[in-house]
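A.B. asks: Quick note: the sequence shown uses our numbering, first residue 699, plus one each step. So that we are looking at the same thing, I have put the structure below in structure tokens.
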Amino acid sequence: MLNELIDFVDSILPSVDPEAKDKAKAAISQFYKNGNCFELLLPKQLPSLSQGDIISEIPFSYFKEDGTQQIFKAKGMVISTSCHIDQKNLINIVPVLPLDFYRGNENGTRELKANRIFDYMYFPKNILQDYFVDFSRVNTYSKNLIATGIESQKIKRLFSLSQIGFYLFIIKLTVFLMRKEDEETMGKRSC
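Structure follows, in structure tokens:
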């Protein structure tokens, strides 16, 4: 899965150094050769709320085409940086949804599970294998609201990302938000 992700990122962000890409693939191959598997989640949470942490159900909101507001509850993933969490009053969180919320066909589900769909992140072979992260539905919350909810145990911190999980998260978020523009749009940007 990670080899495919490296190739995929390389196809979207061609500026990725080929030597770095080859070294990453070699490291992944060596890791698999020893019979290890990549654990994307830590066995216990980090000491404080951090970027990439997954929390229990909270309300999310979005607006339909007709302007009506829809509210639903889901697990959430913190996408604000850890220093932003420490220094600012607002936190950005995206929903972590059950796989059956995905509205694509079987091929799309395979693409989602291979982490080839920009909007989503999937965690294979762990407790979250029946869920995916939806980066397209960012919601902003008061840091105090989330912190108070955690302190009162109305909100639970469920998981923190391992180092490899964090790298996957950063790659996915970068590809979703910062991938190269198409040639036509870039041409229109030039002075």
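Where a beta carbon is used, it is the ideal one built from N, C-alpha and C, also for glycine.
1) Spatial neighbours of Gln-767 within its chain, please: C-beta separation below 8 Å, excluding the five flanking residues on both sides.
2) Taking 9 Å as the threshold (C-beta atoms), are Val-792 and Ile-815 in contact?
3) Following the continuous alpha helix (DSSP H) through Leu-871, name the residue where it begins and the one where it ends.
4) Whether or not the region 793-805 and the region 770-784 are in contact is what I'm after, with contact meaning three or more pairs of Cβ atoms, one per stretch, closer than 8 Å; do they touch?
5) Taking 9 Å as the cut-off, decide whether the C-beta atoms of Ile-783 and Ser-748 are in contact.
6) If we ignore side chains and look at the alpha-carbon of each, how far apart do Leu-744 and Arg-855 end up?
7) Ends of the beta strand (DSSP E) at Ile-789?
8) Use the C-beta contact count for Asp-832: other C-beta atoms within 10 angstroms, 16 or more gives buried, fewer gives exposed.
C.D. replies: Taking the coordinates as given:
1) Ser-759, Tyr-760, Phe-761
2) no
3) 861-876
4) yes
5) yes
6) The alpha-carbon separation between Leu-744 and Arg-855 amounts to approximately 9 Å.
7) First-last of the beta strand (DSSP E) with Ile-789: 788-796.
8) buried
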